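Visitor: There's a structure below that I have some questions on.
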Amino acid sequence: MAKQPEALATFAASAKNAGKKPKDIGLEATPQTTPIRTDPKRKDEAARKVLREGVFHKDQGADEAIDALPDRTRTQKS
């Protein structure tokens, strides 16, 4: 079964294309839109820190945890 394109990759491409999904992004992932492998524990930890900052209104290290996760929008060339 083919993988679907990563949603954030599709959103980023749409944002760069006047808000419309580019015609070359279909229903199957390409090397540019395939999901990025990430350790779920790292994603859970980042999410937990974001939520804790929202509740306690104190720095819990969310920015650093988020920055440590892979992000296609920061690394992909236009």
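The sequence shown lines up with residues 3 to 80 when you count with the numbering used here. Glycine included, C-beta positions come from ideal geometry on N, C-alpha and C. Remember, it's a predicted structure, so these values are computed and weren't measured experimentally.
1) May I ask you to report which of helix, strand or coil DSSP gives P42?
2) If distances are taken between C-alpha atoms only, which option among D65, T12 and T36 comes closest to E47?
3) How would you call P42, buried or exposed, if buried means at least 16 neighbouring beta carbons within 10 angstroms?
4) Let me make sure I understand the geometry here. Which of I27, K23, G56 and Q6 has the alpha-carbon closest to that of P37?
5) Return the CA-CA distance between S80 and T12, expressed in angstroms with no decimal places.
Guide: On the basis of the coordinates in this document:
1) Looking at P42 - three-state DSSP - the assignment turns out to be helix.
2) Closest by alpha carbon: D65.
3) With fewer than 16 Cβ atoms within 10 Å of its Cβ, P42 is classed as exposed.
4) If we check each option's Cα against that of P37, Q6 comes out closest.
5) The pLDDT assigned to S80 is 45, lower than 50, so where the model puts this residue is not dependable; a value taken from the coordinates is nonetheless given after this. In this model, S80 and T12 are separated by some 13 Å (Cα to Cα).
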